[in-house]
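Chemist:
In our numbering, the protein residues as written are 9 to 332.
And the structure:
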C-alpha cells in the first residue's frame, strides 16, 4: 500500500527564475503536459509570473530569503532548474560583487543540501544549472566541455565560479553551457528584454543600412530545444534515479557570426541583404570584453541524450512565423 502511494505521488519541479525568458518557456511546456505526474513552482525576484496551475514564490538568491516559504508551501523539489542569473555582461562588469553573489548559487545549493542532512532517506534533488558559452576564452572554434575555461569578462568568470561551486558542493547536477537562446516571445507574460531574432528583424524591416559583427561567432540554440533537453534530462532522472555530475555544451548545430544571423533573418523575411553592413566587433566599445569565437561542439550532448538539434535557419523560420 505504501509503495502504491509513493508511486502515485506527484514529482515536484522548481524553476528558479521562472519569470525570465527560458523560465517561462519551461513553465509553458510543463503546463502542456497531459499527465498528472508533476507539480510545478517558479520563483521570481523583481517581477511575478501569473499562472493558474503553478505556485510562484519571491526569492532573493543573494540572501536565500524565500527558500523557507518554498519548503513550507511547496515542499522538497525533485528537480530544480536554475535559470536565475544576472546575464547581461555589461551589467556584470559594472557590479562584479553583485554578479558573483547572484550567479554563484550558494544559497540554492545549501538549501538543497539541507533536505538530505535532515533526512538520510531523502533522495538528493537533481539540480539542472544554466551556465554559458562565455566560460570559454573565444580564441578557437567548436569548444568542447573539457577545454579550459578562461573567460574574458566578469559574467563568464561568475559562471565559472558557479560551476566550480556546484561541482564541489552538489552531488547530483547537470550543468548546461548555453549559447544565445532564441525563439518566440513568451505568452504567459512577454519579457521586456530584447530578443535576438525579433531585434534583428525589426532593424532590417526599416530598410536602412545596419551594422552587424562579422568576426564574432556563436552557436545560437532554439529555445524549444533547450526546453526539450531539460525535459529529457528530468524524465531520465525520475525514471532511473541515478545521480549525475555532468557538464554539457548546449548550442545549435551552426556556427554563425552576427552578420550571418542577420543574413538568415533577411532571407527568411524577404529583406534586402545589401542593407547588412559587416563590421568588426573591435570597432565598437560595448563597455565589456566579448569573446570572439565561442562556438561549441555539441557532440557530447547529442550522444548523451540522443538529441537532434534544430538548425539555425529552421529556428529563425519558426520564430519569424510567430511575429508576422
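Even glycine gets a Cβ: it sits at the ideal position worked out from N, Cα and C.
1. Once you ignore the five residues that flank residue 21 on each side, which residues in its own chain have a CB closer than 6 Å to its CB?
2. Taking the alpha-carbon of residue 226 as reference, which of 209, 244, 257 and 198 has the nearest alpha-carbon?
3. Let's test the definition: count the other Cβ atoms within 10 Å of the Cβ of residue 187 and tell me whether it reaches 16, buried, or not, exposed.
4. Would you kindly report the start and end of the unbroken beta strand (DSSP E) that includes residue 287?
5. Measuring alpha carbon to alpha carbon, tell me which of 117, 158 and 72 ends up nearest residue 300.
6. Could you tell me if residue 280 is buried or exposed, where buried requires 16 or more neighbouring beta carbons within 10 angstroms of its beta carbon?
7. Roughly how many angstroms separate the alpha carbons of residue 174 and residue 164, rounded to a whole number?
8. Using C-beta distances below 6 Å, list every residue in its chain close to residue 144, excluding the 5 sequence neighbours before and after it, in chain order.
9. Count the other CB atoms within 10 Å of the CB of residue 318; is the residue buried (16 or more) or exposed (fewer)?
10. Within 10 angstroms of its Cβ, does residue 148 collect 16 or more other Cβ (buried), or is it exposed?
11. Tell me the residue span of the beta strand (DSSP E) that contains residue 219.
12. Looking only at its chain, what residues have a beta carbon closer than 7 Å to the beta carbon of residue 267, apart from the 5 residues adjacent to it on each side?
13. If residue 97 sits next to residue 296, beta carbons under 8 Å apart, how far is it from one beta carbon to the other, in whole angstroms?
Modeler: Looking at the coordinates:
1. One-based indexing of the chain shown puts residue 21 at position 13. Taken in chain order, the residues that qualify are 46, 48 and 87.
2. Counting from 1 along the chain shown, the entry for residue 226 is found at position 218. The option with the nearest alpha carbon to residue 226 is 257.
3. Mapped onto the chain shown, residue 187 falls at position 179. With 16 or more Cβ atoms within 10 Å of its Cβ, residue 187 is classed as buried.
4. Within the chain shown, numbered from 1, the residue matching residue 287 stands at position 279. Looking at the DSSP string, the run of the beta strand (DSSP E) that includes residue 287 is 284-287.
5. To locate residue 300, count along the chain shown from 1; it is residue 292. Ranking the options by Cα distance to residue 300, first place goes to 158.
6. Position 272 of the chain shown, counting from 1, holds the residue named residue 280. Counting Cβ neighbours within 10 Å, residue 280 comes out exposed, since fewer than 16 surround it.
7. In the chain shown, residue 174 corresponds to position 166, counting from 1. In the chain shown, residue 164 corresponds to position 156, counting from 1. About 15 Å.
8. Position 136 of the chain shown, counted from the start, is the residue given in the question as residue 144. Non-local beta-carbon contacts of residue 144 in its own chain, meaning distances under 6 Å to residues more than five positions away in sequence, involve 151 and 302 in chain order.
9. To locate residue 318, count along the chain shown from 1; it is residue 310. Per the 10 Å Cβ criterion, buried.
10. Walking along the chain shown from the start, residue 148 turns up at place 140. Exposed, since its Cβ has fewer than 16 Cβ neighbours within 10 Å.
11. Locating residue 219 in the chain shown gives position 211, counting from the first residue. Unbroken beta strand (DSSP E) run through residue 219: 218-221.
12. Position 259 of the chain shown, counted from the start, is the residue given in the question as residue 267. Cβ within range, chain order: 220, 221, 222, 284 and 286.
13. Within the chain shown, numbered from 1, the residue matching residue 97 stands at position 89. Within the chain shown, numbered from 1, the residue matching residue 296 stands at position 288. Their Cβ separation, rounded to whole angstroms, is 5 Å, which keeps residue 97 and residue 296 in contact under 8 Å.
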